[in-house]
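Protein chains in written order, with this note's numbering: chain A, 29 to 447; chain B, 545 to 1023.
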């Protein structure tokens, strides 16, 4: 223990080391603060939904009540959905800045709604967020390099290496020095993280996993330093080589791989879904309405006993062709989604060989801020939208009046786990 | 041959003998060429795809059968943002904004299907473009090759020897600058070659390209000078390297991320949900078309009747439903413009805050210069949004007027079996509608937008040159 304390004293006597550790802690704390603030902002935005929604739906209820027309209620009522940030989201904001986490839907064609985005400033999103994941993946390796590049070469250049190696227990000395540096780096990252995670109520198992992930990632960079140090170059050459390795592993390969993946796995553009759906929906005005209803009833026999259409406009026909429109592009949607998932899987696969990508992927997965989380939110929107349809169809296809009190009976997002 | 040239030659000879240096430069050149090739192919691919989709959307619009004009208001149309030729150099926010937009009546839709939501997580690691290579990677190369330029001479005691031989401090530093500057030129050249290929494209604007070239030249010069400055000030070359890598990590990697985060927190944006609710609220206040006794629409109706000197809407020479649609579209569009204008202003304030960070990070400055000149910044996206909205409004109002003029009120309100047929107007009308044509900004507009960034980069250059001049005077003094 005294030996370790001695090493610690030696280490902390180096200005560079102390400055590096202090800076890393400060950056970690700042990134956690930024992440927490962003998550708090998102929670506040979600908490502000009910008041605004009540006002909006109240106005709709006001004018629909005059006609008691369920179709108008379905047409004019927007229902909010939201994707609350997971406890760990503050540490890895992932896609939450470019994908919507609040979305209003109505019982019309979903494919014309579900791909909409929220307002965000693209120039702010472009460089990526300053979150804990960034500090860990991008910056922590640079600090590891700063602390490890002269572990051996520094002693050699000071003319002490031979003496040190000749001492009994010299390998324990190097282990101690390596372990100590690693521990300090790890503490600078992990301790602030654990505090923030505890405050946010992250599950203990998840915290443990992240803390281990931090250690493993630091260990990887320590290994790189050890490998380079075997070449017995000067401290300067070590530092340059390690920084170059950082550049390649953290910046160059991921960007190259991104180009490669997007070229190798073409995704049929999402805009084509929107266009095809619009074509299918609007065609209904130009074909006999009975054809539309026949097709709809074939897929949804539970409503087939509804009264036949009269000459006047009826919203059940309108909603039926919207649903037909959605169903006509279901294959395209599946293919599009499959393409997105294939690209995501390819990116993740790279994570198995490239620790920077692996750490980022794992953190965003644990934080539920990755593409899978976005798609899961979309699935919940789809399930909720289905409930909305069923709800309004119950009035429309049975010709039941839709009174003011019925607005309160509409399904609410989040009162079921699947949306 | 002057002393400075001799020093430069010597330094370059040394670099040529350094195998690691040669490999590093070669790798950078290779990386840039890859970036040039992929960006080029990417832009070409996107351009072709969007053009095809735009034509598809136009063809679909024109192929509509006879329809009621209001159906066409809802059928709407799709527009796709074209990508300027300089996007091959710096695609900017292209991947982060939706690039297709559905235009319809009564609604202002978001631009959807941006690449950022269609790519793997790797897209957030950055994009391999010539601009990225020059902004981030090239400075690190200059650091690796130049950190020892002066520190080494002092460390080894050769600095004193050179001075004894009558080499002035000034010519020594100038010589090192020439050598490192030559490396910077070699590093920047492949990206500029890609530029020349872009210049061969039709419609490539010369002025912004000149600004970009000047900007990157100055940017790399800033780094060359900073490298020499630190190398002159720091006692040991190892410390020079670590200090330079730290400076690079802070200015090229950290600040470009921190500045937007700070700006985003300082100027929060109203989200879409709150905007939609607010628009609906304001619309109700201005005039509720669902309310038969609404004062605004009641007055509007009286005015229309008075204008035509009739007592009943049935007696109007135009279809009152169409006239009313024109009015309600006017009201709602005014609101859309107000709310989107507020949002754009907020986003521009955010960007101005980030731009101010250029004072502490030249990378932030060159980034905004580069995107602005390439027309791929937020302002470029906004140009598209504004033009799309203008087109949407004109299209919808044309259709509404068509409803007013070409569909009679009696037919429009009829519900008999043949009414549907009588309400429709001829399909030839759809072909007569003008297509969306994005008016690309002129070179002068782009170049002017890039001037603030260029100013900051030039300011950086002036400051660091001044600092290097001061440091040169004290070079070799024992402290």
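A virtual CB, placed ideally from N, CA and C, is assigned to each residue, including glycine.
Residue 139 of chain A: contacting residues in chain B (beta-carbon distance under 8 Å): Those do not exist, as residue 139 of chain A stays about 11 Å from chain B at its closest Cβ, beyond 8 Å.
Chain B partners of residue 183 of chain A, CB-CB under 9 Å? Within chain B, no residue comes near residue 183 of chain A; the closest Cβ sits about 14 Å away, beyond 9 Å.
Alpha-carbon to alpha-carbon, residue 867 of chain B and residue 943 of chain B: 11 Å
Coarse secondary structure for residue 236 of chain A, derived from DSSP in three states: helix
Residue 521 of chain B classed as buried or exposed, judged by whether at least 16 other C-beta atoms fall within 10 angstroms: Any answer about residue 521 of chain B is impossible in this case: the structure gives chain B only from 545 up to 1023.
Can you grab the Cα-Cα spacing for the pair residue 71 of chain A / residue 108 of chain A, in whole Å? 14 Å
Taking only runs of the alpha helix (DSSP H) that begin and end inside the segment 295-319 of chain A, which ones reach a length of at least 4 residues, in chain order? 298-311
Establish whether the CB of residue 560 of chain B and some CB of chain A are separated by less than 9 Å. no
Return no unless some Cβ of chain A is closer than 9 Å to the Cβ of residue 659 of chain B. yes
With DSSP collapsed to three states, give me the class of residue 784 of chain B. helix
Note down, in chain order, every chain A residue with its Cβ under 9 Å from the Cβ of residue 662 of chain B. 290, 295, 297, 298, 364, 367, 368 and 371
In chain order, which beta strand (DSSP E) runs of at least 3 residues are fully inside the segment 721-767 of chain B? none
With distances taken Cα to Cα, identify the nearest neighbour of residue 281 of chain A among B/736, B/901 and B/668. B/668
Between the segment 313-345 of chain A and chain B, which residues of the former have a C-beta closer than 7 Å to a C-beta of the latter? 313, 314, 339 and 340
Alpha helix (DSSP H) segment containing residue 583 of chain B, residue limits: 563-606
Would a check of beta-carbon distances place residue 1000 of chain B closer than 9 Å to chain A? no
Give the residues from the segment 946-971 of chain B that approach chain A closer than 7 Å (Cβ to any Cβ), ordered along the chain. 959, 960 and 961
Nearest chain A C-beta to residue 612 of chain B closer than 9 Å, yes or no? yes
Name the chain A residues whose beta carbon is nearer than 7 Å to that of residue 805 of chain B? 62, 157 and 158
For residue 654 of chain B, tell me which candidate among A/311, A/136, A/128 and A/134 has the shortest Cα-Cα distance. A/128
State buried or exposed for residue 1023 of chain B, treating a residue as buried only when at least 16 other CB atoms are found within 10 Å of its CB. Interpretation of residue 1023 of chain B is limited by its pLDDT of 47, a score under 50 that renders its predicted location unreliable; no figure is taken from the coordinates.
Spatially closest choice to residue 845 of chain B from B/583, B/829 and B/865, by CA coordinates: B/865
Pull the bridge partners of residue 107 of chain A from the DSSP assignment, please. A/133
Can you find the residues in the same chain that come closer than 8 Å, C-beta to C-beta, to residue 133 of chain A, ignoring five residues on each side of it along the sequence? 106, 107, 109, 141, 142, 409, 412, 413 and 416
Just to confirm before moving on: does the CB-CB distance between residue 147 of chain A and residue 816 of chain B stay below 9 Å? yes
State the DSSP-derived secondary structure class of residue 969 of chain B, mapped to helix, strand or coil. strand
Could you please tell me which residues of the segment 916-940 of chain B, in chain order, have their CB closer than 8 Å to any CB of chain A? 921, 922 and 925
The segment 760-781 of chain B: which residues have C-beta closer than 8 Å to a C-beta of chain A, in chain order? 781
Let me know if residue 597 of chain B comes out buried or exposed under the rule of 16 or more other beta-carbons within 10 Å of its beta-carbon. buried
Quick one: using the 10 Å Cβ neighbour count with 16 as the cut-off for buried, is residue 432 of chain A buried or exposed? exposed
Collapsed DSSP secondary structure at residue 914 of chain B in the structure displayed: helix
Tell me which same chain residues have a C-beta within less than 7 Å of the C-beta of residue 419 of chain A, skipping the five on either side of it? 438 and 439
Residue 823 of chain B: first and last residue of the uninterrupted alpha helix (DSSP H) it sits in: 816-830
With a floor of 3 residues, list each beta strand (DSSP E) that falls wholly inside the segment 902-966 of chain B, ordered by position along the chain. none
Residue 911 of chain B beta carbon less than 9 Å from that of residue 155 of chain A: yes
Could you tell me the distance, in whole angstroms, from the CA atom of residue 623 of chain B to the CA atom of residue 888 of chain B? 20 Å
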